[in-house]
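Asks:
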Amino acid sequence: MGDVRFWASSFIKMIFKYKHRKVLLFLFLLLVFLLSSCSKMGYGILLWSIDEPPILSGTILPVYIRSNIEKKYVVGIPEALREENGFDKIEVPLSQFEFVGSKKKTQLKALEFNEFAQTYAENLQDALPIRDNTDNNSRRVYRLRVGEIIKILAKVKGNPPIGTSGDPLVGDWYKVLTKDGITGYCFSNRLKLFNQNESIIQTTDLDNTETLKNPDLDLILSRRWSPDFYLQMINSRKINIQSLEKRYRFDPGQDTGIARIILPDTERQFEYDRIISDGERAFSFEGKGSTLQMLLRPNNSLSVQFLDSSQGGNTGTRRTLIFVSLPTDVNDIILQENARREEIIMNIYNQGPVFTSNNFGTITLRTTGDFTWTGFDLLVPQLFPEETNGTGRISMDLYISPSYEDRFNGAFTLQFTDIRSNNNFYFLYVLDNQGLRLEVIPDYGIDDITVMRRDSSPLVLYFFKDSD
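If you count the sequence shown from 1, you need to add 161 to reach my numbering.
1. Between the alpha carbons of GLN268 and ALA443, how many angstroms are there, rounded?
2. Who are the near neighbours of PRO290 in its chain, counting only those whose CB is closer than 6 Å to its CB and skipping five residues on each side?
3. If contact is defined by three or more beta carbon pairs under 8 Å, each pair taking one atom from either stretch, is the segment 257 to 272 in contact with the segment 204 to 218?
4. Is PHE390 helix, strand or coil by DSSP?
5. Rounded to whole angstroms, what is the Cα-Cα separation between ASP389 and ASP627?
6. Enumerate, from N- to C-terminal direction, the unbroken alpha helix (DSSP H) stretches of 4 or more residues contained entirely within the segment 218 to 291.
7. Considering only C-alpha positions, which residue in the set VAL261, ILE524, PRO214 is nearest to ILE221?
8. Closer than 7 Å by C-beta to ALA278: which residues in its own chain qualify, once you throw out the five before and the five after it? Chain order, please.
9. Does the beta-carbon of GLY345 have 16 or more other beta-carbons within 10 angstroms, so that it is buried, or is it exposed?
10. Could you give the residue range of the beta strand (DSSP E) that holds SER445?
11. List the endpoints of the continuous beta strand (DSSP E) containing MET557.
12. If you draw a straight line from the C-alpha of GLU406 to the C-alpha of GLU447, how long is it?
13. Count the other CB atoms, across all protein chains shown, that sit within 10 Å of the CB of ASP287; report buried if there are 16 or more and exposed otherwise.
14. Between which residues of its own chain and SER572 is the CB-CB distance below 8 Å, once the five residues before and five after are set aside?
15. Compare the Cα-Cα distances from ARG292 to each of LYS270, LYS201, VAL317 and report the closest residue.
16. Applying the 10 Å Cβ sphere with the 16-neighbour rule, what's the burial state of PHE248?
17. Can you tell me which of GLY418, MET455, PRO546, VAL253 puts its alpha carbon nearest to the alpha carbon of ARG227?
18. I need the straight-line Cα distance from GLY237 to ASN320, nearest angstrom please.
19. Enumerate in chain order the residues of its own chain whose CB-to-CB distance from LYS250 is below 8 Å, with the five nearest sequence positions on each side excluded.
20. Just the Cα atoms here: how many angstroms apart are GLU420 and TYR433?
21. Can you tell me whether GLU547 is buried or exposed, with buried defined as 16 or more other CB within 10 angstroms of its CB?
22. Note down, in chain order, each residue of its chain lying with its Cβ closer than 8 Å to the Cβ of GLN472, except the 5 sequence neighbours on either side.
23. Where ARG480 and PHE467 are concerned, what is the direct C-alpha to C-alpha distance, given to the nearest angstrom?
24. Identify which residue in ARG614, PHE411, ILE395, SER618 has its Cα closest to the Cα of GLU566.
25. From which residue to which residue does the alpha helix (DSSP H) around TYR510 run?
26. Does DSSP put PRO413 in a helix, in a strand, or in coil?
27. Looking only at its chain, what residues have a beta carbon closer than 7 Å to the beta carbon of PHE167, apart from the 5 residues adjacent to it on each side?
28. Buried or exposed: where does LEU272 fall if 16 or more other Cβ atoms within 10 Å of its Cβ makes it buried?
29. Please report the straight-line C-alpha distance between GLY596 and SER462, rounded to a whole angstrom.
30. Whole angstroms is fine: what's the gap from ASP538's alpha carbon to ASP426's?
31. If contact is defined by three or more beta carbon pairs under 8 Å, each pair taking one atom from either stretch, is the segment 486 to 502 in contact with the segment 382 to 401?
32. Do ARG408 and TRP386 have their CB atoms nearer than 9 Å?
33. Please state if the CB of LEU622 and the CB of LEU599 are separated by a distance shorter than 9 Å.
34. Excluding the 5 residues preceding and the 5 following THR517 in the sequence, name in chain order all residues of the same chain whose CB lies nearer than 7 Å to its CB.
35. By a C-beta neighbour count over all protein chains shown, 10 Å radius and 16 as the cutoff for buried, is LEU354 buried or exposed?
36. Where does the unbroken beta strand (DSSP E) through SER438 begin, and where does it stop?
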């Protein structure tokens, strides 16, 4: 080793002394390589078995060189294989080898890895995702082909996907590694785990790679698809929180092999084995009698079709549903709408918070949206039932027709907590400097969440703000 260092020093002097520096520089770099090959960087663990020479995953190997350009390690092979193969070092991809450091630390790491050192898995579901976290809603980093082999690295905790019964699926989350070096997390419900048993694992050569490389299918599976009326809500700025909270959607089900349609009037599920291309931007869900098809439209909305039959067979009327990818997450929309409603309630509260009428009693508001209404005897039973005690909550869940916007500030629902049935009462309101004017809205006057009609002889209640 001392002679090598001496010649290295001599080469450096020659590089600066003579004209042919490029040649000498090459020789110097070669010498550096020889010098580095004489010493170990440390040790690491082979994550994916090697065919030639046959080295099993989980084997501890010495590391000599790491090349970030070539993305490879130069590692030593076990002594028993050196004489038989005629060489003592090989190259392995960075992604298939874990460098640890000292031999002692590597041995401890190998003990941790030992449970899954020779465990692999075969994928049974086309387009099964590998995700960046142990949750079905986390970002997808890779999509597996049917029959593709992956390496199991560890079992980890996480939230299981939900099955057709509404219960969590049976299985576990695993940290996995693909043959081409992608690391992430995959749920085992659609995996077939097996032990290597000292045989070398080869990645399955598949012909059905079209769906894996199809950018349109990749876009579909990477997005969340909501019914088009959700987008209409956002564009019209009339948000129905109760509808949003039900999470109506189309779920392609790449984690479970079960596609779902969940809408107010329809809830269907389709079991399938794979998704295949069925024309330009069109795809079919094949297997187990599935009639489900989908088409990515020019505006990137999604048309979903299936045979709708009460008999449950393959005959019936073909039904088409439209889904969209929302520009904002549903949870954010709900938060923004709640903030808007709270601001309106605070405007009314700040004008009061106590409003009194000589005929219809006193309404007291709280910042939480709760209210107390006392002295409303003249409204029983014309408006309120006799069992009403007058406590409840105000909800700014109604909108008004544009034709009413010049006469009213808005509309709201009073929900009495002490009435078992028919506990919702609807009012248009005007807030002025002196108080609060309410007009009762008949049930037939509301279309979805918008006040479209008034009573021909409306009941109007006026409350003065209480200066005390």
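Each residue gets a CB set at the ideal place from its N, CA and C atoms; glycine is no exception.
Replies: Taking the geometry as given:
1. Residue 268 sits at position 107 when you count from the first residue of the sequence shown. Residue 443 sits at position 282 when you count from the first residue of the sequence shown. Approximately 52 Å between the Cα atoms of the pair.
2. As a position in the sequence shown, residue 290 is number 129, starting the count at 1. Beyond the five residues adjoining it in sequence on each side, PRO290 comes within less than 6 Å, by CB distance, of ARG301, ARG304, GLN415 in the same chain, given in chain order.
3. Counting C-beta pairs closer than 8 Å gives three or more between the segment 204 to 218 and the segment 257 to 272, which meets the contact rule.
4. Locating residue 390 in the sequence shown gives position 229, counting from the first residue. Note: PHE390 maps to helix in three-state DSSP.
5. Numbered from its first residue, the sequence shown carries residue 389 at position 228. Numbered from its first residue, the sequence shown carries residue 627 at position 466. Near 46 Å, if we compare the C-alpha coordinates of ASP627 and ASP389.
6. Listed in chain order, the complete alpha helix (DSSP H) runs (minimum 4 residues) inside the segment 218 to 291 are 240 to 246, 264 to 274.
7. By 1-based counting over the sequence shown, the position of residue 221 is 60. Of the candidates VAL261, ILE524, PRO214, the one whose C-alpha sits nearest the C-alpha of ILE221 is VAL261.
8. On the sequence shown, position 117 is the one that residue 278 refers to. Cβ-Cβ distances below 7 Å link ALA278 to SER218, GLY219 in the same chain, with the five nearest sequence neighbours on each side left out; the list follows chain order.
9. To locate residue 345, count along the sequence shown from 1; it is residue 184. When all chains shown are included, GLY345 counts as buried.
10. Mapped onto the sequence shown, residue 445 falls at position 284. In this chain, the beta strand (DSSP E) harbouring SER445 covers 443 to 447.
11. Within the sequence shown, the letter at position 396 stands for residue 557. Membership of MET557 in the beta strand (DSSP E) is indicated by the continuous run 552 to 561.
12. Reading the sequence shown from its first residue, position 245 is the one you call residue 406. Reading the sequence shown from its first residue, position 286 is the one you call residue 447. Going by the C-alpha atoms only, they are around 31 Å apart.
13. Your numbering for residue 287 matches position 126 in the sequence shown. By the 10 Å Cβ count, ASP287 comes out buried.
14. The residue you call residue 572 lines up with position 411 of the sequence shown. The sequence as given places Ala at residue 572; Ser does not occur at that position. Around ALA572, the same chain offers LEU559, TYR560, ILE561, TYR587, PHE588, LEU589, TYR590, ILE602, VAL612 as residues with beta carbons nearer than 8 Å, after the five sequence neighbours per side are excluded.
15. Position 131 of the sequence shown, counting from 1, holds the residue named residue 292. For ARG292, the nearest C-alpha among the options comes from VAL317.
16. As a first step, residue 248 must be located in the sequence shown, where it is residue number 87. So PHE248 counts as exposed.
17. Working through the sequence shown from its first residue, we reach residue 227 at position 66. That would be VAL253, whose Cα lies nearest to the Cα of ARG227.
18. Within the sequence shown, residue 237 is the residue found at index 76, counting from 1. Within the sequence shown, residue 320 is the residue found at index 159, counting from 1. One Cα belongs to GLY237, the other to ASN320, and the distance between them is close to 40 Å.
19. Position 89 of the sequence shown holds residue 250. If we look at LYS250 and ignore the five residues flanking it on each side, its Cβ neighbours are SER198, TYR225, VAL235, VAL236, GLY237, ILE238.
20. What you label residue 420 is simply residue 259 of the sequence shown in a count that begins at 1. What you label residue 433 is simply residue 272 of the sequence shown in a count that begins at 1. The displayed chain sequence assigns Ala, not Glu, to residue 420. Taking the CA atoms as reference points, ALA420 sits about 8 Å from TYR433.
21. The residue labelled residue 547 in the question sits at position 386 within the sequence shown. Burial is judged here by how many other beta carbons sit within 10 angstroms of a residue's own beta carbon; GLU547 has fewer than 16 and is exposed.
22. Translated into positions along the sequence shown, residue 472 becomes position 311. Only weak support is given to the placement of GLN472: the predicted model assigns it a pLDDT of 48, under 50, and the question is left unresolved by the model.
23. Your numbering for residue 480 matches position 319 in the sequence shown. Your numbering for residue 467 matches position 306 in the sequence shown. Put simply, the backbone Cα of ARG480 is about 6 Å away from that of PHE467.
24. Numbered from its first residue, the sequence shown carries residue 566 at position 405. From the listed residues ARG614, PHE411, ILE395, SER618, the smallest Cα separation to GLU566 is found for ARG614.
25. Here residue 510 corresponds to residue number 349 of the sequence shown, with the count starting at 1. In this chain, the alpha helix (DSSP H) harbouring TYR510 covers 491 to 512.
26. Within the sequence shown, numbered from 1, the residue matching residue 413 stands at position 252. The answer is coil: DSSP assigns PRO413 none of H, G, I, E or B.
27. The residue labelled residue 167 in the question sits at position 6 within the sequence shown. Since pLDDT at PHE167 reaches only 40, below the 50 mark, its modelled position is unreliable, and the value read off the structure follows with that caveat. Result list for PHE167: empty, nothing under 7 Å.
28. Here residue 272 is taken as the residue at index 111 of the sequence shown, counted from 1. Classification for LEU272: exposed.
29. Locating residue 596 in the sequence shown gives position 435, where the first residue counts as 1. Locating residue 462 in the sequence shown gives position 301, where the first residue counts as 1. Between GLY596 and SER462, the C-alpha separation is close to 48 Å.
30. Residue numbering aside, residue 538 sits at position 377 when the sequence shown is read from its first letter. Residue numbering aside, residue 426 sits at position 265 when the sequence shown is read from its first letter. One C-alpha to the other measures close to 41 Å.
31. With a cut-off of 8 Å on Cβ pairs, the segment 382 to 401 is in contact with the segment 486 to 502, counting three or more such pairs.
32. Locating residue 408 in the sequence shown gives position 247, where the first residue counts as 1. Locating residue 386 in the sequence shown gives position 225, where the first residue counts as 1. Contact flag unset, no.
33. Counted from its first residue, the sequence shown places residue 599 at position 438. Counted from its first residue, the sequence shown places residue 622 at position 461. Their beta carbons are under 9 Å apart, which means LEU599 touches LEU622 by this criterion.
34. Stepping through the sequence shown from its first residue, residue 517 is reached at position 356. For THR517, the CB contacts under 7 Å within the same chain, skipping 5 residues up- and downstream, are THR523, PHE624, PHE625, ASP627 in chain order.
35. As a first step, residue 354 must be located in the sequence shown, where it is residue number 193. Burial check for LEU354: the Cβ neighbour count within 10 Å stays below 16, so the residue is exposed.
36. Counting from one through the sequence shown, the residue named residue 438 turns up at place 277. Residues 435 to 438.
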